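Asker: Got a structure for you, written out below as structure tokens; questions coming shortly.
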Amino acid sequence: MMIPNRKFKRQALRQFCYDRRSPSSSSQWLCCNFVFDDKASLGRHIQTSHEHDLLQLEEQLAHTAQKQQLDRNQASSLTKRRSEKGTSDPIHIECNCDPTKHRVILFYQYVQVKDPEALAKIHVERCGPEGWNLTGKVRIAKEGLNVTLAGTLDSIEGYMDWYAEQLQQDQSLLSSSSSIGKPKDDFFKPSQGCRHVFSDQLSIKTVDEICPLRQPSITLDHLTQQQHLQQKLSPSDFHQLASKAVASDGPTKDMVLLDTRNYYESKIGQFKNSITPPIRKFSVFPSYVEHHRQSLNGKTILTYCTGGIRCEKATAYLRQALSADTQVYMLDGGIHQYLNWVDAHPEVDPLWQGKNYVFDARQGLTNDQPSVISCCQECQKPWDTYLKCHSSHCHLLILHCDTCRQGASYCCEECRLGQHLRTSGGPGICACERLRKSQELDPIIPA
1 MMIPNRKFKR QALRQFCYDR RSPSSSSQWL CCNFVFDDKA SLGRHIQTSH
51 EHDLLQLEEQ LAHTAQKQQL DRNQASSLTK RRSEKGTSDP IHIECNCDPT
101 KHRVILFYQY VQVKDPEALA KIHVERCGPE GWNLTGKVRI AKEGLNVTLA
151 GTLDSIEGYM DWYAEQLQQD QSLLSSSSSI GKPKDDFFKP SQGCRHVFSD
201 QLSIKTVDEI CPLRQPSITL DHLTQQQHLQ QKLSPSDFHQ LASKAVASDG
251 PTKDMVLLDT RNYYESKIGQ FKNSITPPIR KFSVFPSYVE HHRQSLNGKT
301 ILTYCTGGIR CEKATAYLRQ ALSADTQVYM LDGGIHQYLN WVDAHPEVDP
351 LWQGKNYVFD ARQGLTNDQP SVISCCQECQ KPWDTYLKCH SSHCHLLILH
401 CDTCRQGASY CCEECRLGQH LRTSGGPGIC ACERLRKSQE LDPIIPA
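Take the sequence shown: its position 433, counted from the start at 1, is 433 in full-length UniProt numbering, and no numbers get skipped.
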């Protein structure tokens, strides 16, 4: 039995007195067929004749307060940062799990979510230790869900079945027209990997955008219009069109491949002859397009990203920002789906080269014909395994091979000496980052 403290005893007594006010007089109280003209006499009566009732009310008030606090704590956990400011997620994994007995899924769905907090709480219950015991990251907004989860085959299969069947039919959470709209493997994009790729952590949050572009003009309606859906290309159609873009690599070509990912992703893997913006986060993509509007206007633009979520918003934005004669398409299912298609068609000469970067400790996925397109920043040896700059507040991803890695690794001399903390660019802006930002303005297609 819960033991209420003095606070709830006082609240219970006040509530008990309040409920016994006389309807005909504000200075009288009615209880047990008696009329009381002052609170003191009413209080003595309650203490002697209603001790049990008073205790029940105290417990009820204490229980309500406890539940409200738990709800506040849970609501806070659904919005707080995943890790402490100034820290970042691990990018290496060491475990002895059999990868064939585990899976990682990576998927998104742009769909009207009626109650993001309620759906997040359901994910906490179902995906946590008392449920499927999954690890990963779940982001939920009114515009949809962005999910990467890892676990045993049975647990992942259980989640996929629930999401594809039960959740899609729950009209209290999702819009009535909700459906995954494609085979489960195409939608959830499973790949080998165990729960340790997310450092045994499960992060579930409600957010404003599941993929932050920070352009209020790009709404859920734009992403579900028929025109938008029709301009998604299957891997085979994308390959056919992209082959033309790769073959005509002159400065005035009418078709271009545009990577919508970050620079460190395209550095270790990209489609041949792609435009690879030197951006560090997706919300900078609109300003990058604005800087290079004239170079992109009137072109046929083939966009791609990891699994498709960024291209959904990027293509919608490009159609708004560029001239009416610009044709914009996206690779449906992203690089992940293209690599699966290539593996299923060994006769195809793939246009992809390198790794498909993923945001977990695996760092990247390849097809059956892996290649390395990046190199060690020190000795130029082919290398595509990232480290993090050891400097506090920097954490930039760097490529140092095992031979060149001696002790702590730094992205530049400023970080090694701690000078980045005193630059005019502000804390954390080192020489590498200043150079990258300046490259955002470099011409992408020669005039």
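Beta carbons: idealized from backbone N, C-alpha and C, even for Gly.
Bear in mind the structure is a predicted one, so any value in this text is a computation, not a measurement.
Residues in its own chain within less than 8 Å of Leu241 by CB, not counting five upstream and five downstream?
Answerer: Closer than 8 Å at the Cβ level, and outside the excluded window around Leu241, lie Leu233, Met255, Thr300, Leu302 and Tyr329.
Asker: When the Cα atoms are used, what is the spatial distance from Lys182 to Leu229?
Answerer: Rounded to whole angstroms, Lys182 to Leu229 spans 13 Å at the Cα level.
Asker: Suppose the cutoff is 8 Å on Cβ atoms and the five residues either side in sequence are ignored; what does the same chain contact list for Cys17 look like?
Answerer: Once the five neighbours on either side are set aside, the close Cβ partners of Cys17 are Trp29, Lys39, Leu42, Gly43 and Ile46.
Asker: If I follow the unbroken alpha helix (DSSP H) through Asp343, where does it start and stop?
Answerer: Its alpha helix (DSSP H) spans residues Gly334 to Ala344.
Asker: Hey, is the region 277 to 285 in contact with the region 157 to 174, meaning 3+ C-beta pairs nearer than 8 Å?
Answerer: These segments do not touch.
Asker: Take the Cβ of Phe198 as the centre, count every other Cβ of all protein chains shown within 10 Å, and call the residue buried at 16 or more, exposed below.
Answerer: Looking at its Cβ environment, which holds 16 or more other Cβ atoms inside 10 Å, Phe198 is buried.
Asker: Taking Ala141 as the reference, which of Ile156, Glu157, Ala120 and Thr135 has the closest Cα?
Answerer: Cα-wise, what sits closest to Ala141 is Ala120.
Asker: Kindly indicate which three-state DSSP category Val372 falls into: helix, strand or coil?
Answerer: Looking at Val372 - three-state DSSP - the assignment turns out to be coil, as it is neither helix nor strand.
Asker: Using a Cβ-Cβ cutoff of less than 8 Å, which residues in the same chain neighbour Ser438 once the five nearest sequence positions on both sides are dropped?
Answerer: Result list for Ser438: empty, nothing under 8 Å.
Asker: Are the CB atoms of His390 and Ala361 nearer to each other than 7 Å?
Answerer: In this structure, Ala361 does not lie closer than 7 Å to His390 by Cβ.
Asker: Cβ atoms of Lys355 and Ile275: under 7 Å apart, would you say?
Answerer: Not a contact, by the Cβ cut-off of 7 Å.
Asker: Since I believe Tyr357 is in contact with Glu265 (beta carbons under 8 Å), could you give me their beta-carbon distance rounded to a whole number of angstroms?
Answerer: 4 Å between Cβ atoms; contact.
Asker: Given this structure, state the Cα-to-Cα distance separating Gly307 from Gly364, to the nearest angstrom.
Answerer: Approximately 13 Å between the Cα atoms of the pair.
Asker: How big is the Cα-Cα spacing for Pro216 and Arg20?
Answerer: Their backbone Cα atoms lie some 53 Å apart in a straight line.
Asker: Quick one: Cα of Phe34 to Cα of Leu55, how far?
Answerer: C-alpha separation (whole angstroms): 22 Å.
Asker: If you draw a straight line from the alpha carbon of Arg10 to that of Ser22, how long is it in whole angstroms?
Answerer: Going by the C-alpha atoms only, they are around 21 Å apart.
Asker: Name, in chain order, the residues that DSSP records as bridge partners for Asn356.
Answerer: Answer is Leu365.
Asker: Just to confirm my understanding: we take His196, look at its own chain, exclude 5 residues before and 5 after, and list those with CB closer than 6 Å. What are they?
Answerer: Result list for His196: Ile93 and Cys95, in chain order.
Asker: Can you tell me whether Gly136 is buried or exposed? The criterion is at least 16 other CB atoms within 10 Å of its CB, across all chains shown.
Answerer: So Gly136 counts as buried.
Asker: Where does Leu318 fall in DSSP's three states?
Answerer: Correct three-state label for Leu318: helix.
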